[in-house]
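Mapping the sequence shown onto the working numbering, position 97 (from 1) lands on 319, and the numbers just tick up by one.
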Amino acid sequence: MARLEVLCRQRRLPLTVQRRAVLEALAARSDHPTADSLYEEVARRLPGISRATVYRVLEVMVRAGVVRKVWYAGAAARFEIPHERHHHLICVICDRVTDLHQPALDRLPAPGRAARGFRLLDYSVQFMGICARCARRTGKSPLESSRRVAHEGKRNRHRSSERGAAR
Ligand SMILES: [Zn+2]
Ligand SMILES: [Zn+2]
């Protein structure tokens with residue numbers, strides 16, 4: 223928390239009661255919580271704080287670089303306090319985000335001319351896949367389960383056309 227206080231001061235971000243509560247809740251977790259899950263925790267300590275405030279506090283702190291957002295299209299954003307450089311394994315079934323330390327990924331070349339003046343602040347590599355727990359539970363490869371979905375879809379369409387014919 224002391225390191226975060228210094229960081230907020232450097233970024234000229236006054237540490238209000240709400241901001242401090244959100245930061246403390248986030249710093250105590252290593253599971254990359256969603257904004258909703260953080261809100262529930264903060265609301266226990268600061269009754270009366272609104273969900274919108276927690277969302278706003280997170281956005282402000284992400285923009286200031288005090289909090290990092292781990293995100294991919296179609297899923298709820300997850301948050302963490304940036305610590306040493308690391309990357310993420312994201313399970314597309316249970317949305318679990320796990321830290322990955324793989325030094326070779328820390329040496330990716332920075333974007334050059336092709337980035338057209340884009341100013342890089344930070345990066346982290348995200349690997350999307352299926353975690354060991356979900357793989358064990360489903361017992362199937364992603365390819366097999368997507369084939370099953372396609373097959374079931376076909377069967378449902380077939381059934382509805384049968385219903386149409388019976389009418
Ligand atoms: Zn999973
Ligand atoms: Zn992380």
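Ideal placement from N, C-alpha and C gives every residue a C-beta, glycine not left out.
Starting from residue i and walking both ways along the alpha helix (DSSP H), at which residues does that stretch end?
{"i": "residue 350", "result": "Run containing residue 350: none in the alpha helix (DSSP H); it sits in the beta strand (DSSP E), 348-351."}
{"i": "residue 241", "result": "239-249"}
{"i": "residue 224", "result": "224-232"}
Cutting at 6 Å between CB atoms, please list the residues of its own chain near residue i, excluding the five before and the five after it.
{"i": "residue 348", "result": "310, 312"}
{"i": "residue 298", "result": "256"}
{"i": "residue 356", "result": "313, 315, 316"}
{"i": "residue 235", "result": "286"}
{"i": "residue 241", "result": "279"}
Skipping 5 residues on each side, what residues in its chain have a beta carbon closer than 7 Å to that of residue i?
{"i": "residue 280", "result": "244, 257, 289, 301"}
{"i": "residue 327", "result": "309, 347"}
{"i": "residue 237", "result": "227, 230"}
{"i": "residue 254", "result": "292, 300, 301, 302, 319"}
{"i": "residue 265", "result": "271"}
Looking at residue i: is its Cβ nearer than 9 Å to the Cβ of residue j?
{"i": "residue 249", "j": "residue 226", "result": "yes"}
{"i": "residue 261", "j": "residue 276", "result": "yes"}
{"i": "residue 268", "j": "residue 239", "result": "yes"}
{"i": "residue 287", "j": "residue 342", "result": "no"}
{"i": "residue 321", "j": "residue 272", "result": "no"}
{"i": "residue 353", "j": "residue 303", "result": "no"}
{"i": "residue 340", "j": "residue 333", "result": "yes"}
Which residues does DSSP pair with residue i in a beta bridge?
{"i": "residue 275", "result": "Answer is none; residue 275 lacks a bridge partner."}
{"i": "residue 312", "result": "319, 350"}
{"i": "residue 302", "result": "290"}
{"i": "residue 256", "result": "300"}
For the beta strand (DSSP E) containing residue i, list its first residue and its last residue.
{"i": "residue 292", "result": "290-292"}
For review: beta carbons within less than 6 Å of any heavy atom in ligand 2:
254, 302, 308, 310, 321
Residues around ligand 1, please: the ones whose beta-carbon is closer than 7 Å to some heavy atom of it, in chain order.
313, 315, 316, 318, 352, 353, 355, 356
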